[in-house]
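J.: Start counting at 1 in the sequence shown, then tack on 1329, and there's your number in this note's numbering.
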Amino acid sequence: MTTELLLPVANSATGAAALTGPVSERGRRVAVIGAGLGGLSAAIHLRLKGFDVTILEANERVGGRASRLELEGFAFDTGPSLLNYPWVFEQLFAAAGRRFSDYVELRPVEPSVSFQWPEGRRLELSSDYSKLLAAFSEFEPAAGPRLSAWLHDCSEKYRISFDKLVTRNADSLLSWFSALSLSELRRTAVWRSLDSELKRFFKSRHIREALGAYGMYLGGSPFTLPGIFTILAYGELAYGLWLPKGGIYGLVRGIERLALELGVRIETNARVQRIVADGGRVLGVEMVSGAVRSFPLVVSNVDVPTTQSELLPEEFLARGRREASRTRMTPGVMTFYWGVRGQVRGLGHHTIFLPGDYRGAFKDLTERGRIPADLPFYVAVPSATDPSMAPGGDSAVFVLVPTPVLSELGRQDWDSVLKETRARVLSRLAAQGAELAPERIVVEQAWSPETWRARFGLYNGSAFGAAHNLFQVGPFRAPNWSKALRGLYFVGAGTTPGTGMPMVVLSGRLVAERMAAHVL
């Protein structure tokens, strides 16, 4: 998709390093626990560096959070519903001498996102500058200069972030920021909140609420998260939002195919219950069957706090659980998967329903430990972009409602909570003109944070991994290697660089570079 908005980042794919032969005798055997996108990425990059890699996935299919439900002709992506930053995925395939487009077909989602408020106002984001300007001008007169200034500022933040910060390993604050000039350091705005940074450019609370809402998936609020996270909304505008053919699971399948072609072994229904070690050194993994498999190197794609509190050898568990308990996590989620007869008018591919009490909803989620009375949620209708995800003429609908993490919510009757939440979502949809009568829902599943915890090992039911507050980014985030247990590494949303599909794919490259530096 072409765009008038932004400058491309400098770190697009820079060449290929194809695997030229079998693993050498000096190659090391690696077990990757979990076949989420981070685990698949790590396996690919490790294989390209000459390692002998086996992925052990507990579930029946790969993908982790980005899994798949198939119900009576309807197909649902369980977690992520759209792809952003496509250049990250292009780089992954280019590293193996392949073209991303030969494995995954992307379809543009335009307009990308629609934000709606209870009073009926609506703001649609678009990668087309003229459409974006028209949308902003409805909320803020003479928005052009402000929008242009914000886009330019964000483009610099984005360049700094992806050229100099999140795409490299760094173990100290000094080494992390040493690549930045003084002007670049000032540009990061890490000392200002996301909302304060948006106020520099926009007076409209609706514009600020829409652009700040991305903070929900980072485990904080726009009133507390660092100002550099304006890049989240910007990155989607600059590079567009996309749906792979077949949904996000079409992307997962493409990456799985690449891994297999490179010689990565993938075993599903292979649950690891413990990492085995002796003398502070990894020896392998113990399966739920009790069988011990020998691997001198292990990469865990399970949430870092879950690994620390459940998978470490017995002598490391007490320390691991203390570290896990100190980790601030992103929210949990309730998710609904609805197969709907006919088309759903009044909804585009991706709609975010914001609450009237915006600040209060964030306080409920991040401070008060309760499901907001004024409920925020988003709805995706992937069949609007890819009709193959539903039977002819019908609709696949995905609803995500954020919640506090399990420990903050306390004991819940989740059947009752899900039933009540379903009614509240349908009521809000009807009030805002979406034609989705309950009787049209012919196929349905609903997952609570407890479901997510049990299915995917998500620590405390957190849907997106460790939060991104100021003290859990960069060198403050859990490192991608264990300093206590030699041979143990981490990949995915809980470690560097962070949460979201592009970030966990980048984390696969970073952990492979880290391991290669330690081992070879």
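Note that beta-carbon positions come from the ideal geometry of N, C-alpha and C, so glycine has one too.
1. From Ser1396 to Gly1722, what does the alpha carbon distance come to, in whole angstroms?
2. Please report how far the alpha carbon of Arg1769 lies from the alpha carbon of Ala1690, in whole angstroms.
3. Any beta carbon of chain D sitting closer than 8 Å to that of Asn1809?
4. When DSSP builds the beta bridges, which residues end up paired with Glu1399?
5. Strictly by DSSP, which residues pair up with Val1361?
6. Throw me the rounded Cβ distance for the Ala1542 and Ile1681 pair, which I believe falls under 8 Å.
7. Can you list, in chain order, the stretches of the beta strand (DSSP E) that have 3 or more residues and sit fully within the segment 1581-1630?
8. In this structure, does DSSP put Gly1790 in helix, strand or coil?
9. Tell me the rounded alpha-carbon separation between Leu1839 and Ile1362.
10. Who are the near neighbours of Thr1714 in its chain, counting only those whose CB is closer than 7 Å to its CB and skipping five residues on each side?
11. Nearest to Ile1373 by alpha carbon, out of Val1669, Asn1598, Ile1584 and Ala1508?
12. Can you tell me whether DSSP reads Thr1496 as helix, strand or coil?
13. Taking only three categories from DSSP, how would you classify Thr1517?
14. How about Leu1523 and Gln1774: do their beta carbons lie closer than 8 Å?
15. What span of residues does the alpha helix (DSSP H) with Ser1466 cover, start to end?
16. Span of the beta strand (DSSP E) holding Tyr1818?
17. May I ask which residues mark the beginning and end of the alpha helix (DSSP H) holding Ala1423?
18. Quick one: grab the DSSP three-state call for Glu1453.
19. Based on DSSP bridge pairs, tell me the residues matched to Ile1770.
20. Tell me whether the beta-carbon of Tyr1414 lies closer than 8 Å to the beta-carbon of Tyr1578.
21. When burial is assigned at 16 or more other CB atoms within 10 Å of the CB, is Pro1733 buried or exposed?
22. For Ala1719, count the other beta carbons within 10 Å of its own beta carbon; 16 or more makes it buried, fewer makes it exposed. Which is it?
23. Of all the options Thr1553, Val1593, Gly1816 and Tyr1458, which has the alpha carbon lying nearest to the alpha carbon of His1481?
24. Tell me the rounded alpha-carbon separation between Pro1629 and Arg1815.
25. Could you tell me whether the Cβ atoms of Ala1371 and Gly1392 are closer together than 8 Å?
26. Quick one, which of Leu1570, Arg1582 and Val1754 has its alpha-carbon nearest Asp1431's?
27. Go to Leu1566, then tell me how far its alpha helix (DSSP H) extends in each direction, as first and last residue.
28. Nearest-angstrom Cα distance between Leu1561 and Met1658?
29. Answer with buried or exposed for Arg1537, where buried requires no fewer than 16 other C-beta atoms within 10 angstroms of its C-beta.
30. Quick check: the Cα distance between Met1330 and Gly1576, rounded to an integer number of angstroms?
31. Can you grab the Cα-Cα spacing for the pair Val1601 / Lys1460, in whole Å?
32. How would you call Asn1789, buried or exposed, if buried means at least 16 neighbouring beta carbons within 10 angstroms?
33. In the structure shown, what three-state DSSP assignment does Gln1445 receive?
34. Suppose you measure from the CA of Thr1824 to the CA of Glu1842; what does that come to, to the nearest Å?
35. Is the CB-CB distance between Glu1453 and Ser1466 below 8 Å?
36. Roughly how many angstroms separate the alpha carbons of Arg1688 and Leu1462, rounded to a whole number?
T.: Here's the rundown:
1. 24 Å
2. 30 Å
3. Of the chains in the structure shown, none is chain D; there is only one protein chain.
4. Ala1404
5. Ile1384 and Val1628
6. 6 Å
7. 1594-1596, 1601-1607, 1610-1616, 1621-1623 and 1626-1629
8. helix
9. 17 Å
10. Arg1436, Val1438, Leu1572 and His1678
11. Ile1584
12. coil
13. coil
14. no
15. Tyr1458 to Ser1466
16. Leu1817 to Phe1819
17. Pro1415 to Ala1424
18. strand
19. Val1669
20. no
21. buried
22. buried
23. Tyr1458
24. For clarity, residue 1629 is Ser in the given sequence; the question names Pro instead. In a straight line, the C-alpha of Ser1629 is about 13 Å away from that of Arg1815.
25. no
26. Arg1582
27. Ile1560 to Tyr1568
28. 18 Å
29. buried
30. Low per-residue confidence applies at Met1330: pLDDT is 33, beneath 50, and the placement is therefore not dependable, though the value from the model is reported in the following sentence. Each residue's alpha carbon lies about 18 Å from the other.
31. 50 Å
32. buried
33. strand
34. 14 Å
35. no
36. 26 Å
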